[in-house]
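Using our numbering, you'd call the opening residue of the sequence shown number 194 and step up by one each time.
Note sheet for the following structure.
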Amino acid sequence: MTRDATGRAAELRAQIAHHDYRYHVLDDPEVPDAEYDRLVRELLEIEKEHPELVAPDSPSQRVGARPAAGFATLEHRIPMLSLDNAFSDEDVVAFDRRVRERLALETDVPYSVEPKIDGLAVAVTWEDGVMVRAATRGDGARGEDVTANVRTIRSVPLRLRGAAPRRLEARGEVFMPVAGFERMNRIAESRGERTFVNPRNAAAGALRQLDPQVTAARPLDLFFYGVGEVDGAALPERHSEVLAALRGWGLRTCPEIGVVQGVQGCLDYYRRIGERRSSLAYQIDGVVYKVDRFADQRQLGFVSRAPRWALAHKFPADEAVTTVREVEFQVGRTGALTPVARLEPVFVGGVTVSNATLHNMDEIERKDVRIGDAVVVRRAGDVIPEVLRVLPERRPADARSVVLPGTCPVCGSPVVREEEGAIARCTGDYACRAQRKERLRHFASRRAMDVEGLGDKLVDQLVEADLMRSPADLYALGVEQLEGLERMGRKSAEKLLAALERSKQTRLGRFLFALGIRDVGESTAAALASHFGSLEPLMQASADTVQEVPDVGPVVAARVVGFFANPANLEVIARLRAAGVVWPDQPRTAPEKLPLAGLTFVITGTLAAVQRAEAEERLRALGARAAGSVSAKTSYLVAGADAGSKLAKANALGVPVLDEAALLKVLETKRPPG
Ligand code: IVH
194 MTRDATGRAA ELRAQIAHHD YRYHVLDDPE VPDAEYDRLV RELLEIEKEH PELVAPDSPS
254 QRVGARPAAG FATLEHRIPM LSLDNAFSDE DVVAFDRRVR ERLALETDVP YSVEPKIDGL
314 AVAVTWEDGV MVRAATRGDG ARGEDVTANV RTIRSVPLRL RGAAPRRLEA RGEVFMPVAG
374 FERMNRIAES RGERTFVNPR NAAAGALRQL DPQVTAARPL DLFFYGVGEV DGAALPERHS
434 EVLAALRGWG LRTCPEIGVV QGVQGCLDYY RRIGERRSSL AYQIDGVVYK VDRFADQRQL
494 GFVSRAPRWA LAHKFPADEA VTTVREVEFQ VGRTGALTPV ARLEPVFVGG VTVSNATLHN
554 MDEIERKDVR IGDAVVVRRA GDVIPEVLRV LPERRPADAR SVVLPGTCPV CGSPVVREEE
614 GAIARCTGDY ACRAQRKERL RHFASRRAMD VEGLGDKLVD QLVEADLMRS PADLYALGVE
674 QLEGLERMGR KSAEKLLAAL ERSKQTRLGR FLFALGIRDV GESTAAALAS HFGSLEPLMQ
734 ASADTVQEVP DVGPVVAARV VGFFANPANL EVIARLRAAG VVWPDQPRTA PEKLPLAGLT
794 FVITGTLAAV QRAEAEERLR ALGARAAGSV SAKTSYLVAG ADAGSKLAKA NALGVPVLDE
854 AALLKVLETK RPPG
């Protein structure tokens, strides 16, 4: 045995004990679960190699932490166990193989498959149909008495339905739905109160309130996933049938639960749920497989703290700890400087991340991020990874503060920090290569001038070669100049020129959007176009006149007027028109007289007959708003094929749903639905 292993094991135990306390007692974890799991796994590895190092206080000898002061403790007559974790398909295959070997089965094993809800385990007991007790898991043998708090959860029946057993102890997971969590945090933020890191911590905080009134005001829910002690009723032969019986007694179970055959069924389920994970109303951190037949479960039995008949298959962690190597500033289309953390590469959410956004200087100051800090990064779905928080106790002595540069890192123009907001901007405009690139990308993008084939790399090359001072230079390009660029043959050059030629036939709304006036998005551009009908009156308009356009306030009006007051912008417009960019004048209709005025549409899923962008544009031309997300203000949701979370949300909010045929009818008849 090496001294190293002894020392490292002691260090790991101390760290794990510290994190246990932060997590279970304070409800205020310092590190993400994945980091904690990593420490535990490392310790278990060492203990496996050196069994003499296993100490009574090792996490391998115990599950969970002691109850917090303030709650009475209750005993679990049947211990509340935990689950073994799998992190890969191979782990699952090995689990299934072990199960079949022990059962001496050649055929597929039926498994109950369930989302692993990211909340807190509780055991709730009903006697003669009346709810009498609820306890947290605690250390598995004793938990905290949270009866009063669980009673406040609306979905937990205080009396069971139908013929109830003399005693029923059902076990499940208390959680906070994501929407409720976000609402709660918004309110907390507006009051200047402390916000919660994630729904799990918010649920833990709510459940462990000493005052049940406080718990009652928090949006908690509970899914049941099994039973403990049951008296006076014969249980069915399968776990899935128990879940059905629980539902019969009026208990809530997760609607995504199912039964599959064999390991392939398990892995398919894992994929399916994984794809829908971000659209579920609650957070899950994996799925759970349970051998469905109780006879099989009994035969398989337990090892120390976990059953041999169940397995938690975890999703790749979407939070991880790493180090900030440097902070650099990226310059966007409007000159805004975005601080980006260059990180020690770390595997998170299924990919290796080496950059994360820090949003703006206010965020850096609020989170107190310094170069050299250990930080928690998160990557959720397709969004840009972000730095969530710093681990101050790990700050090295030589950590450096982040300083906003006085001049643009790309062009050297002065940087100004706006009074109203947190945003710092490069004042270089078209003199700044970074701004030029972003403006060009925006100008050519699909919803603007729609120049096919003008990709990111090409834009970089054009700007670097100084061929592109403003978007107007695009239409002056010739085959010779293009051919000189990397990976550009004659053929692709000609193709790009043809695409440029096609893009000249546009619409006023698209053209205005393409100009990249600050705060003028697609909707505002379309509204300006239909209000003014053509460009000249808009260019001449006063701020007051511009403000007559629906949804345009003083800030946007000032941006529009300011844009057309700038001679450089006027020159760009004149050159674009001279190059042949044209659009039909739009009939000027008072926007409130347009047939779909006042209606907001959201399109989701795949449409067969029209592109979504086109459908939205046509809706806007008829006076409607086309929005990206469903809210109570949405008038109609148009659901194409494979509509997902937006459809669910619309149904939940009672927003009327149209199919594609109904949408086409609206576009054809130019009348509101129905
Ligand atoms: S079964 C012996 N089913 O995961 C079986 N647990 O890591 C014990 N959890 O303490 C639990 N969803 O808090 C089970 N569908 C599910 C679950 C689930 C979440 C939690 C539970 C448990 C922990 C084990």
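We put the CB at the ideal spot given by N, CA and C, even for glycine.
Bear in mind the structure is a predicted one, so any value in this text is a computation, not a measurement.
- Query: Would you call the CB atoms of Arg563 and Arg535 closer than 8 Å?
  - Reply: Locating residue 563 in the sequence shown gives position 370, counting from the first residue. Locating residue 535 in the sequence shown gives position 342, counting from the first residue. No, Cβ-Cβ distance for Arg563 and Arg535 is not below 8 Å.
- Message: Quick check on Arg259: does DSSP put it in helix, strand or coil?
- Response: Residue mapping note: residue 259 aligns to position 66 of the sequence shown, counting from 1. Caution is warranted here: a pLDDT of 44 is assigned to Arg259, below 50, making its placement in the model unreliable, and the coordinate value is therefore given only provisionally. Arg259 falls in the coil class under three-state DSSP.
- Message: Let's see if you can read the secondary structure: which residues bound the beta strand (DSSP E) around Thr545?
- Response: Here residue 545 refers to the residue found at position 352 when the sequence shown is read from its first residue. Taken as a continuous stretch (DSSP letters only), the beta strand (DSSP E) holding Thr545 covers 544-550.
- Spatially closest choice to Leu678 from Ser696, Glu657, Pro664, Glu556, by CA coordinates: Numbered from its first residue, the sequence shown carries residue 678 at position 485. The shortest C-alpha separation from Leu678 is found at Glu657.
- Query: Does DSSP classify Asp561 as helix, strand or coil?
  - Reply: Locating residue 561 in the sequence shown gives position 368, counting from the first residue. Correct three-state label for Asp561: coil.
- Coil, strand or helix - Asn378 by DSSP: Taking the sequence shown and counting its residues from 1, the one referred to as residue 378 is at position 185. If DSSP states are grouped into helix, strand and coil, Asn378 belongs with the helices.
- What residue ranges within the segment 355-440 form continuous beta strand (DSSP E) runs of no fewer than 3 residues, ordered along the chain? 360-368, 414-424
- Message: Taking the straight line between their C-alpha atoms, what separation do you get for Arg695 and Gly542?
- Response: By 1-based counting over the sequence shown, the position of residue 695 is 502. By 1-based counting over the sequence shown, the position of residue 542 is 349. For Arg695 and Gly542, the distance between alpha carbons rounds to 41 Å.
- Heavy atom of ligand 1 less than 7 Å from the Cβ of Leu415, yes or no? In the sequence shown, the residue the question calls residue 415 occupies position 222. Leu415 Cβ: outside cutoff for every heavy atom of ligand 1.
- At a cut-off of 7 Å, is Ile310 close to ligand 1 when judged by its beta-carbon and the heavy atoms of the ligand? The sequence position of residue 310 within the sequence shown is 117, counting from 1. Yes - ligand 1 has a heavy atom lying nearer than 7 Å to the Cβ of Ile310.
- Item | 8 Å Cβ shell around Val609 - same chain, five flanking residues per side excluded | Residue mapping note: residue 609 aligns to position 416 of the sequence shown, counting from 1. Taken in chain order, the residues that qualify are Ala617, Arg618, Thr620.
- Item | Selected residue, minimal CA-CA separation from Ile796, among Val859, Leu830, Lys858 | Numbered from 1 along the sequence shown, position 603 holds the residue referred to as residue 796. Comparing Cα positions, the closest option is Leu830.
- Item | Host alpha helix (DSSP H) of Ala841 (start-end) | As a first step, residue 841 is located in the sequence shown; it is residue number 648 there, counting from the start. Segment 838-846, the alpha helix (DSSP H) holding Ala841.
- What residue does the alpha helix (DSSP H) around Ile183 start on, and which one ends it? An answer regarding residue 183 cannot be provided, because it is not within the stretch 194 to 867 covered by the chain.
- May I ask you to check if the CB of Ser275 is nearer than 7 Å to at least one heavy atom of ligand 2? As far as ligands go, the structure on display features ligand 1 and does not contain ligand 2.
- Could you tell me which residues DSSP puts in a beta bridge with Val484? Counting from 1 along the sequence shown, the entry for residue 484 is found at position 291. In DSSP, Val484 forms a bridge with Tyr304.
- Are the beta-carbon atoms of Thr827 and Val850 separated by less than 8 Å? Position 634 of the sequence shown, counting from 1, holds the residue named residue 827. Position 657 of the sequence shown, counting from 1, holds the residue named residue 850. No, the pair does not count as a contact, with Cβ atoms beyond the cut-off.
- Message: Let me confirm a value: Ser348 is counted as buried when at least 16 other C-beta atoms fall within 10 Å, else exposed. Which label applies?
- Response: By one-based count along the sequence shown, residue 348 stands at place 155. The residue is exposed, with fewer than 16 neighbouring Cβ atoms inside 10 Å.
- Inspect the beta-carbon positions of Arg711 and Thr545 and report whether they are closer than 8 Å. Working through the sequence shown from its first residue, we reach residue 711 at position 518. Working through the sequence shown from its first residue, we reach residue 545 at position 352. Not in contact: Arg711 and Thr545 (Cβ atoms no closer than 8 Å).
- Message: Check for me: the beta strand (DSSP E) holding Glu579 runs from which residue to which?
- Response: Here residue 579 refers to the residue found at position 386 of the sequence shown. Here the beta strand (DSSP E) through Glu579 covers 579-583.
- Query: What are the complete alpha helix (DSSP H) segments, minimum 4 residues, inside the segment 652-718?
  - Reply: 672-676, 683-696, 701-707
- Task: Let me know if Asp414 comes out buried or exposed under the rule of 16 or more other beta-carbons within 10 Å of its beta-carbon.
- Result: Position 221 of the sequence shown, counting from 1, holds the residue named residue 414. With 16 or more Cβ atoms within 10 Å of its Cβ, Asp414 is classed as buried.
- Query: Between Gly816 and Pro777, which are expected to be in contact by the criterion C-beta below 8 Å, what is the C-beta distance as a whole number of angstroms?
  - Reply: In the sequence shown, counting from the first residue as 1, residue 816 sits at position 623. In the sequence shown, counting from the first residue as 1, residue 777 sits at position 584. No, Gly816 and Pro777 are not in contact; Cβ-Cβ is about 18 Å, not under 8 Å.
- Report the rounded CA-to-CA distance for Val452 versus Asp461, giving the unit in angstroms. For this step, residue 452 is matched to residue 259 along the sequence shown. For this step, residue 461 is matched to residue 268 along the sequence shown. Going by the C-alpha atoms only, they are around 12 Å apart.
- Assign Asn759 to buried or exposed, taking buried as 16 or more other Cβ atoms, counted over all protein chains shown, within 10 Å of its Cβ. Taking the first residue of the sequence shown as 1, we reach residue 759 at position 566. Classification of Asn759: exposed, given that the 10 Å Cβ count is below 16.
- Answer with buried or exposed for Pro260, where buried requires no fewer than 16 other C-beta atoms within 10 angstroms of its C-beta. One-based indexing of the sequence shown puts residue 260 at position 67. Only weak support is given to the placement of Pro260: the predicted model assigns it a pLDDT of 44, under 50, and the question is left unresolved by the model.
- Task: Find the nearest neighbour of Leu690 within the set Ala719, Asp566, Asp643, Val713, judged by alpha-carbon distance.
- Result: If you number the sequence shown from 1, residue 690 lands on position 497. The residue with the shortest Cα to Cα distance from Leu690 is Asp643.
- Smallest Cα separation from Val583: which of Ser383, Ile557, Val603, Gly605? Stepping through the sequence shown from its first residue, residue 583 is reached at position 390. Closest option to Val583, Cα to Cα, is Ile557.
- Task: Count the other C-beta atoms from every protein chain shown that fall within 10 angstroms of the C-beta of Ser716, then say buried if there are 16 or more, exposed otherwise.
- Result: Residue mapping note: residue 716 aligns to position 523 of the sequence shown, counting from 1. So Ser716 ends up on the buried side.
- Query: Mapping DSSP to helix, strand and coil, what is His269?
  - Reply: Your numbering for residue 269 matches position 76 in the sequence shown. Of the three classes helix, strand and coil, the one that applies to His269 here is coil, per DSSP.
- Task: Quick one: residues in its chain with C-beta nearer than 6 Å to the C-beta of Asp566, no 5 flanking neighbours on either side, listed in chain order?
- Result: On the sequence shown, position 373 is the one that residue 566 refers to. Correct list, in chain order: Val517, Val583, Arg588, Ala592.
- Query: Does DSSP put Ser275 in a helix, a strand or coil?
  - Reply: Taking the first residue of the sequence shown as position 1, residue 275 is located at position 82. Residue state, collapsed to three classes: coil.
- Task: Express the C-alpha separation of Ser281 and Arg700 in angstroms, rounding to a whole number.
- Result: In the sequence shown, the residue the question calls residue 700 occupies position 507. In the sequence shown, the residue the question calls residue 281 occupies position 88. Each residue's Cα considered, the two are about 51 Å apart.
- Message: In this structure, how does DSSP classify Gln454 when only helix, strand and coil are distinguished?
- Response: Taking the sequence shown and counting its residues from 1, one reaches residue 454 at position 261. Strand.
- Kindly list the residues whose CB is nearer than 7 Å to the CB of Tyr482, restricted to its own chain and excluding five residues on each side of it in sequence; keep chain order. Along the sequence shown, read from residue 1 onward, the residue named residue 482 stands at position 289. Counting only Cβ-Cβ distances below 7 Å, and skipping sequence neighbours, we find Tyr304, Val306, Cys459, Ala503, Leu504, His506.
- Query: Are Ala868 and Gly312 closer than 8 Å when you measure CB to CB?
  - Reply: The requested residue 868 is not part of the displayed model; the chain covers only 194 to 867.
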